[in-house]
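Numbered by our numbering, the letters in the sequence shown go through residues 1 to 258 in order.
For reference, the structure is listed below as structure tokens.
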Amino acid sequence: MKIEDTIKKAIILGATGGIGRQLAKELAQRLEHLILVSRDADKLSQVQKELTGSKAQLSILTLDMLDQVALEAFVESLDADLLVNCAGLAYFSLGCDLDSASEQDLWQVNYHVPVQLIKPLVKKNQKIHLVQLSSLAALFPHPYLAAYSASKAALQTYTLALQEELKQSDSPIQLGLYILGPVQTAILPPKLVEALGGGRLQMKPEKVAQQLIRFIERDTSYAIIGLRYRLLVWLGSMLPQRWIIRVLARYLRKGLDR
């Protein structure tokens, strides 16, 4: 079944980033109403202009997810058939070098915001398809991305547990968790991307957006995006975790500014 057959109105959080922007382009050609949300008003207006003439009626909303009052107001008024959370925050450094304020912001965006999005919908028993994006860092702890890995692992365990709770209670909420490998976006510093071979080992946002839509159409609750990353996870399941972390450290440390 095509996504436009079941979904008329969608919201994309983080709509100005690489994945969110491309997903907006795909959904704007399919749906009736699309709401783009980001903290950057200028970039939102730019994306809106790029999508002028699309099938969807477009709306934009500026939202700083670190603003608790604004976030609560957004969640309370949430009305859509589909909500895709593409927002994320990462800091590449030695774990002990990350200051407390930055680490708190990271946890707010990567874990607390997704949880805050879910809870009111569950309490209202609101019918909606909610998609959270996670990372291979949730499965294999990444040195120099320690806080990021921990936040994504927390989101994964929370989401998987809640999925089962929703099934047990026959909830109308469809909760999807999709795992991403490296993607050509600005979330990682250029030096690290260069150390890892440039864009050759990264998925293009266009491919990610297309696969996301396919998984949403199939009502897939959990998936790893990209065949190469599914193979990596399968291989990693047979290897000692400590060995995997050590190998990751050898590659990732090349991106440190020291």
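Think of the CB as a built atom: it goes at the ideal place given N, C-alpha and C, for glycine as much as any other residue.
Sequence-distant residues of its chain with Cβ nearer than 7 Å to residue i (five each side left out)
i: L248; result: F140, H142 and P143
Assigned exposure category for residue i - 16 Cβ within 10 Å defines buried
i: S169; result: exposed
i: M203; result: buried
i: R218; result: exposed
i: Q286; result: Residue 286 lies beyond the stretch modelled for the chain, which goes from 1 to 258, so this question has no answer here.
i: P205; result: buried
i: T159; result: buried
i: T157; result: exposed
N- and C-terminal bounds of the alpha helix (DSSP H) containing residue i
i: A209; result: P205 to E217
i: G95; result: From DSSP, G95 is part of no alpha helix (DSSP H); its letter is neither H nor E.
i: K152; result: A146 to Q168
i: L78; result: Looking at the DSSP string, L78 is not in any alpha helix (DSSP H), and its letter there is neither H nor E.
i: K124; result: V113 to K124
Closest residue to residue i among the options (Cα-Cα distance)
i: L89; options: L83, V113, P205 and A41; result: V113
i: L13; options: K49, A56, S54 and V75; result: V75
i: M65; options: Q116, R246, E164 and A137; result: Q116
Expected contact under 8 Å - CB spacing of residue i and residue j to nearest Å
i: I173; j: V122; result: 6 Å
i: A15; j: L51; result: Incorrect: roughly 10 Å between the Cβ atoms, too far for contact.
i: L31; j: K8; result: 6 Å
i: T220; j: G18; result: 22 Å between Cβ atoms; not a contact.
Close-in-space but distant-in-sequence residues of the same chain around residue i (CB under 8 Å, 5 per side omitted)
i: Q210; result: E26
Extent of the continuous beta strand (DSSP E) to which residue i belongs
i: A284; result: The chain is shown only over 1 to 258; residue 284 falls outside these bounds and no answer can be derived.
i: Y178; result: Q174 to L180
i: T62; result: Q57 to T62
Close beta carbons around residue i, own chain, < 6 Å, minus the five adjacent residues each side
i: Y222; result: L177
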